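Just remember that the numbering used here sits 263 ahead of the position in the sequence shown, which is counted from 1. Every residue, glycine too, gets a C-beta built ideally from N, C-alpha and C. Owing to the predicted nature of the structure, the values given are computational and were not obtained by experimental measurement.
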Amino acid sequence: MGKIGYGYGSEWHLLRHLGYHRAYLSQKVIEVLGGQRVEWLDFGFSQENAPLRHDREFVGLEFIQDAPVQDKWRAFWPQTGNAQNWDAVGQLYFGDTTEWLLVEAKGHIGELESKCGATSRVSQQLILSALEKTSRAFGNCRQPIEHWLTPYYQYANRLAVLYFLMKECVPAVRTRLLFIYFYGENRESCECPQSEQEWLPPIQRMTDWLGIDRQSELVQRVHYLFLPVNPVGLGVCEKGNGG
Numbered sequence: 264m265g266k267i268g269y270g271y272g273s274e275w276h277l278l279r280h281l282g283y284h285r286a287y288l289s290q291k292v293i294e295v296l297g298g299q300r301v302e303w304l305d306f307g308f309s310q311e312n313a314p315l316r317h318d319r320e321f322v323g324l325e326f327i328q329d330a331p332v333q334d335k336w337r338a339f340w341p342q343t344g345n346a347q348n349w350d351a352v353g354q355l356y357f358g359d360t361t362e363w364l365l366v367e368a369k370g371h372i373g374e375l376e377s378k379c380g381a382t383s384r385v386s387q388q389l390i391l392s393a394l395e396k397t398s399r400a401f402g403n404c405r406q407p408i409e410h411w412l413t414p415y416y417q418y419a420n421r422l423a424v425l426y427f428l429m430k431e432c433v434p435a436v437r438t439r440l441l442f443i444y445f446y447g448e449n450r451e452s453c454e455c456p457q458s459e460q461e462w463l464p465p466i467q468r469m470t471d472w473l474g475i476d477r478q479s480e481l482v483q484r485v486h487y488l489f490l491p492v493n494p495v496g497l498g499v500c501e502k503g504n505g506g
């Protein structure tokens, strides 16, 4: 977990929702994904005396306690460097079945962009192989694989996790990706969308750059939730009744 902005930023707002507005967040998630309920996993505590800076996010697939899955994952994706860090992990319940819910949150346009930083040849080859398989599974037949390495590498490697769990694992580890886009923040140094509509063009540019086919099977397991940083009229106590 990186340094969290005090009172601003996607990590801050997601922690607010998980801590103070969990029922509201879970309701919104279910409205988008379906299911009966969501159970959120707790992160590990910090091993350093710096709360909110070093409390651990879930990294890679460490939340899955299945040895064969972990063995396959080690062969699929590098285990050194910066693996996928999840902003939240939950389990989504559909009757008697459960699915993993992997969450990435964003608060401004600049957070969409990143590039692959792998330096070792072995890691680069593993990543490229994984992204080529993922790219095909998402229906890309028009964009070069280099598009998956920059400038939307983080989004691409999240898709790779979904591909791995759903297609490389037998039986499939049923999983959904949820990208939460917060809007309504005011920060001079960042381009912060003020509505859901302002998020849509940059997201469309990103998926077009990757050549993603919106009709592909795995796309049906990629979801988007747009949340205002402060919903008007919800959960507001009258003056003097705030406890």
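Taking all protein chains in view, the Cβ of residue 283 is surrounded by fewer than 16 other Cβ atoms within 10 Å, so the residue is classified as exposed.
For residue 367, the three-state secondary structure derived from DSSP is strand. Only exposed fits residue 392, as fewer than 16 other CB atoms lie within 10 angstroms of its CB.
Under the three-state reduction of DSSP output, residue 348 falls in the strand class. In this structure, the beta-carbon distance from residue 487 to residue 442 falls below 8 angstroms.
According to the DSSP assignment, residue 339 belongs to the alpha helix (DSSP H) that extends over 330–339.
Residues 416, 417 of the same chain have their beta carbon placed closer than 6 angstroms to that of residue 377, with the five preceding and five following residues left out of the count.
Residue environment analysis places residue 382 among the exposed positions, since fewer than 16 neighbouring C-beta atoms fall within 10 angstroms of its C-beta.
Annotation for residue 470: the continuous alpha helix (DSSP H) segment containing it runs 459–473. Out of 374, 375, 346, 473, the CA that lies nearest to the CA of residue 401 is found in 473. Relative to the Cα of residue 341, the nearest Cα in the group 351, 324, 462, 451 belongs to 324. Judged by DSSP secondary structure, residue 397 falls within the alpha helix (DSSP H) whose first and last residues are 384–400.
Comparing C-alpha distances from residue 457 to each of 389, 355, 493 shows the shortest one belongs to 493.
Annotation: the continuous alpha helix (DSSP H) that includes residue 280 extends over 273–283. Just measuring C-alpha positions, the residue of 373, 350, 357, 379 sitting nearest residue 365 is 350. Non-local beta-carbon contacts of residue 302 in its own chain, meaning distances under 8 angstroms to residues more than five positions away in sequence, involve 353, 354, 356 in chain order. Comparing alpha-carbon positions, the option among 482, 369, 479 lying closest to residue 465 turns out to be 369. In this structure, DSSP gives residue 408 a helical state, which the three-state scheme calls helix.
Contact between residue 411 and residue 389 fails: their C-beta atoms lie close to 14 angstroms from each other, not under 8 angstroms.
When beta bridges are read from the DSSP output, residue 417 appears opposite no residue. By the CB criterion at 8 angstroms, residue 291 and residue 431 fall outside the cutoff. By the 16-neighbour rule on beta-carbons within 10 angstroms, residue 452 is exposed.
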